[in-house]
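Heads up, the thing below is written out as structure tokens.
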Amino acid sequence: MTTTSAETVIRPARAKTAAGSPAVRRGQGFQHGVWFTAPFLVLFALFVIWPLLRGLYLSLTDANISGDGTSFIGLDNYTEALDDPLVWESLGHSAYFTLLVVPCITVLAFLLAMLAHHIERGKWLWRLCFFMPFLLPSTVAANLWQWLFNPGTGMINHVFGLETPWLTDKSYAMPAIVITTLWWTVGFSFLLYLAALQGIPAHLYEAAELDGANAWHRVVHITLPMLRHVTGLVVALQILASLQVFDQAVVIQDFGPGPEGSTRTFVQYTLEQGFTSYRVGYASAVSIIFFVIIAAVALARMWLLRNREEGVR
Amino acid sequence: MGRPGLNRRQLLAGLGGLTVAGSFGFAALGTGADALASGADTRVRYWNLFSGGDGYNMIAMLDSFRAEHPGIEVKDSTLQWGSPFYTKLAMAAAGNRAPDLGVMHLGRVTGFSPGRLLDPWDMELLAKYGVREADFNPELWKRAVIDGKLYALPLDIHVQLCYYRKDVLKKAGLLGADGRMVRVTSADQWFDVLKEAKKATGKGLQTIGLWLNDQNFQWWFFVAFYTQLGGTWFDDAHTEVTFDTDKATQVLEFLRRHITDGYANPNFGGGAGAEQFVNGAPFAWEGNWSVPVFDTAKVEYGATPLPPVFGEQATHAESHAFVLPHQSGRGGATDEAAHQLAAYIVRHAQQWAAGGHIPAYTPTLTTDAYRKLQPQSEYVSAMDHQATEPKAWFAGSTGILAQRVGPIVVSSTMGSAEPDAVARRMKSELTTLLASKNPMDGRTAAQGGAVA
Amino acid sequence: MTTAAQQTRVRPRRSWTPSQIVLTLLGTAVSVVFLAPLAWALFTSWKSETEAVEVPTHWLPKEWTGQAWTAIFETGNITNWFVNSLVVSVCVTAIVLVTSALAGYGFARTEFRGKNVLLGVVMAGLMVSPAVLGVPLFTTVQQMGMVDTYWGMILPQCAPAAMVYILYKFFQGVPRELEEAAFIDGAGRWRVFLTIIVPLSRPSLAAVGIFTFISSWNNFLWPYMVTNNPDLMTMPNGIATVMNSYGIQWAQLMAGGLMAGLPLIIVFVFFQRQIVAGVAHTGLAGQ
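Protein chains in written order, with the numbering used here: chain A, 39 to 351; chain B, 266 to 717; chain C, 5 to 291.
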């Protein structure tokens, strides 16, 4: 809808400039748009498109990290990958992480935003406190929590009087990473919610108040519906980011796969195959599978959005 | 109001412009900030994986080398131990940005694609700086030679040890007249010893720390005891898996029993073993690199090779070795300096022995200074009965084999899987690995992907 | 954002009602939970290494010592890493700002053959990241001979489709009349872009710049893959993969971590409003 209006507007504008504008006379024959977009497109082609195509090609070969002696092996890598238990296991770990993180972060971010929005004093202070962890590099956040979770000298067990082997038992290892991630990244979604809350027109609440709606009703009938859009965004962004989890998981486990391999994520597995086992071809095939999964999630979201818009219409 | 704001804005814009320009200038130079500061003629970049006490000793040796050779600058970098180190080294070599000198575990050399990611040592240069084959254990030297060329210069042999607290064992009546731990020759005896020791152990302490959750240590202990039972991995031609699941089950049950009988506390996980030992736990199974840790903690302790609970003596052993990561233009003064540095450190390994390692350069072993070292002299015999991983491209410290099989061993020790099922899983992993091709040359172990 | 901020400013300050007191107390409690880990890191960095691992553990150092802070500057590569981080993030931010502003404008306001196809391809690029296609991206950069170079770290971070999309959306919303008036006055495309569009879109550009800088400063995965030489590492990478040769020393590690996090925290304290607006803007534009 925007594009059509843009075209109808730009055509007369062009015709006008073509008639007598010195700009067009100077730049006769070349298309401005190409020059505007060219610098970005060159980088994009080199570092996004080309690696994607190269990954597709490599996934059909037995390439190793040194790059020589490569031969074409057809779909062998893909059949091996579909049969590789570690592919499914690591995909499962990433999915499990996503399943834990996304609901927690969405609810927590919403609650924090409600809190910060409704406290009248010191707004900047709450924003600072909740958002600050997000400003730390992932590795610093992970190192910090690695130490907080340390069974002997860590603060977590000390403060709560626990003896939980957070990082060394397979049933706690992933939740520990989830807690780290919550603390570290909730600030981002919190800000999105806060911005959305501030965008809700005040008269809606005033009208509801006149109608005698209590606070709970106002939240359920005004705030939540008004935040539907941003919730969809937060959930989608978090799903895509969580499926690609890597940094915290490896740093907190000293670059290992965790107790009994329980925190090996999908990204970690592709890098292990490519850089530890030197199987660049196989790693590429696994990456392409991952790309397909990510693309499917992204497309599903677009499809859902479109359906909803049509539903509204 | 407007004017000072404007000035500040101009100042900020100026500063910002300078930062951007400076950054681009720096990026254009393309070298790290550190290289700019260097003025020496010959600069050897040396990567190692030594942290803790080892790192301390290595730096001391480097410092004495620097003092004796002022014309050579040594830029040492310590990377995190384990697979990240090998990943970084391989990627640097593949990208033709390798350091001049590196350190590796000897078991990893075959899988590290000698000739492609590693360059061979120049024997004449080594001889010039005083390193000769005759001064090394022949078995060790043989492991470093591939296709007739030397790819690794061994620095040490390091083994898994059974550390014991003399004070606690004395209380429990487990210390012999010679001040050493009583001899143990069977699993039952071993658990009797633990039982007695537990009675003498202080409150809140476990009896033994054995890295229950650590896939590397559990795998090393498995290799040691499996070798004690006379277990094998593959036939000589590397075509068949000869892994004995019955023997493996026996070993796994033995490891597991330390938890079920209450001698090791699974809640303490890995690293706590050393802390517990320092605080008074009677036993800890650790690598010999913990010697300086316990020395500084001033505890009264001894160390023997892992007890021969299955009859034969055998303890897991690996070696650190110097390597020359592949550089397309290797040669010249820097390369010679790399040879000189490696030769110097190998020959001056007395300091290295203080870190608990058994020096590979045999003349060191016969010096009085070495014989006086305690507990090093108690376990120096371990080098005669080494249990090592099978010789194949996927083996070696934190290699593919260890990464695949290590977690499986842990799952048995921690009790999340039954020992016999785990033994069968190990066998199937070994079968898969034996059939798989070395990605670097496309050959399986049987086709010579091993070339041990 | 701005209108909301004005609203709150205009609204008269309410007094301490009971619900405000409860909310403020709750907010304080939650803030303490959020800040405690950072405080713990800060206190630890002022302990001696032996006190840091003492059992039972305690919050405040019994003996305050700056040994960890002096040690990271003396023995570590921290200063190198700091410079490297700065160089990489500044270059990435500058390049991204220029290229994505140009591209966003090009896509929003100019016509050329194949534009819509290209735009579709760029949008598809939103799904590609070093996490998804790390290995092929590495081999590409390896082929270009850029492993272990600044450019190898910088350039692959310079093609964020998301930033182009955000600016594209923004430029679409700029009233066309402003441009047309300038065209009639005889200004060319480039002059219109530089003198009318860029000043108008300063808040959006600031948002993109800030967001790019934060993510580049904190980027771990790509620099981790492409740099092996410890002299070239950035802060997050160096702290995670290189330890100084004396082993994991928690006081030093915490000091190093704070060094890595501090610049952005200081920047945040000063430019809070812009950053909050920026994050909200970049995020919400994704709708």
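Even glycine gets a Cβ: it sits at the ideal position worked out from N, Cα and C.
- DSSP places Val273(A) within a helical segment (H, G or I) once states are collapsed to three.
- Each of Ala166(C), Gly129(C) and Ser49(C) was checked against the Cα of Ala255(C), and the nearest Cα belongs to Ser49(C).
- Between Gly156(C) and the set Gln278(C), Val168(C), Val273(C) and Leu141(C), the nearest pair of CA atoms involves Leu141(C).
- For Asp152(C), a Cβ of chain B is located within less than 8 Å of the residue's own Cβ.
- Not a single C-beta of chain B is nearer than 8 Å to the C-beta of Asn223(C).
- When rounded, the separation of the alpha-carbon atoms in His156(A) and Ala253(A) is 12 Å.
- In the DSSP assignment, the residues bridged to Pro570(B) are Leu426(B).
- Residues of the segment 154 to 178 of chain C with a C-beta less than 7 Å from any C-beta of chain B: Tyr154, Trp155 and Ile158, listed in chain order.
- For the options Ser97(A), Leu205(A), Tyr243(A) and Ala151(A), the alpha carbon positioned closest to that of Leu27(C) is the one of Ala151(A).
- Per DSSP, reduced to three states, the secondary structure at Arg339(A) is helical.
- The shortest CA-to-CA distance from Leu314(B) to any of Pro349(B), Gly707(B) and Ala603(B) is the one to Pro349(B).
- When the five nearest sequence neighbours on each side are left out, the beta carbons in the same chain lying within less than 6 Å of the beta carbon of Gln605(B) are those of Tyr394, in order along the chain.
- The beta carbons of Leu91(A) and Thr103(C) sit no closer together than 8 Å.
- Taking 8 Å as the upper bound for CB-CB distance, Ala579(B) and Pro640(B) are not in contact here, some 19 Å apart.
- If you check each beta-carbon in the segment 100 to 127 of chain A against every beta-carbon of chain B, the ones closer than 9 Å belong to Asp100, Ala101, Asn102, Ile103, Ser104, Gly105, Asp106, Gly107, Ser109 and Leu124.
- Nearest CB-CB separation between Glu158(A) and chain C: below the 8 Å threshold.
- When the beta-carbon positions are compared, Val283(C) and Phe217(C) stay at least 8 Å from each other.
- Nearest CB-CB separation between Arg317(A) and chain B: below the 8 Å threshold.
- Ser205(C) is the residue among Glu58(C), Ser205(C), Gly260(C) and Gly138(C) whose C-alpha sits nearest the C-alpha of Pro179(C).
- In the DSSP assignment, Tyr626(B) is bridged to Phe401(B).
- Collapsing the DSSP output to three states places Thr99(A) in a strand.
- Beyond the five residues adjoining it in sequence on each side, Val280(C) comes within less than 6 Å, by CB distance, of no other residue in the same chain.
- For Thr599(B), the enclosing alpha helix (DSSP H) covers residues Gly597 to Arg612.
- Identification of chain A residues near Gly438(B) by a Cβ-Cβ cut-off of 7 Å yields none; the smallest Cβ-Cβ distance measures about 30 Å.
- About 5 Å separates the Cβ atoms of Ala211(A) and Pro297(A), confirming a contact at the 8 Å cut-off.
- Proximity of chain B to Thr308(A) at the Cβ level (cut-off 8 Å) is not reached, the minimal Cβ distance being about 13 Å.
- In this structure His259(A) is exposed. Its beta-carbon is surrounded by fewer than 16 other beta-carbon atoms within 10 angstroms.
- Taking 8 Å as the upper bound on Cβ-Cβ separation, chain B lies near no residue of the segment 19 to 39 of chain C.
- For Glu298(A), the closest Cβ of chain B is nearer than 8 Å.
- Among the CB atoms of chain A, one or more fall inside 8 Å of the CB of Ser681(B).
- Taking a Cβ-Cβ threshold of 9 Å, none of the residues of chain C is close to Leu470(B); the smallest such distance is about 12 Å.
- For Ala357(B), the residues of chain C that pass the 8 Å Cβ criterion are Val151, Asp152, Asn232 and Asn233, in the order they occur in the chain.
- If the five residues before and after Glu654(B) are omitted, its C-beta is found closer than 7 Å to the C-beta atoms of Gly372, Val488, Ala660, Gly661 and Leu666, all from its own chain and listed in chain order.
- Taking 7 Å as the cut-off between beta carbons, the residues of the segment 313 to 338 of chain A near chain B are Phe313, Thr314, Ser315, Tyr316 and Arg317, in sequence order.
- For the 8 Å CB-CB criterion, Phe77(C) and Thr69(C) do not form a contact.
- In the displayed model, Trp155(C) falls within a helix according to three-state DSSP.
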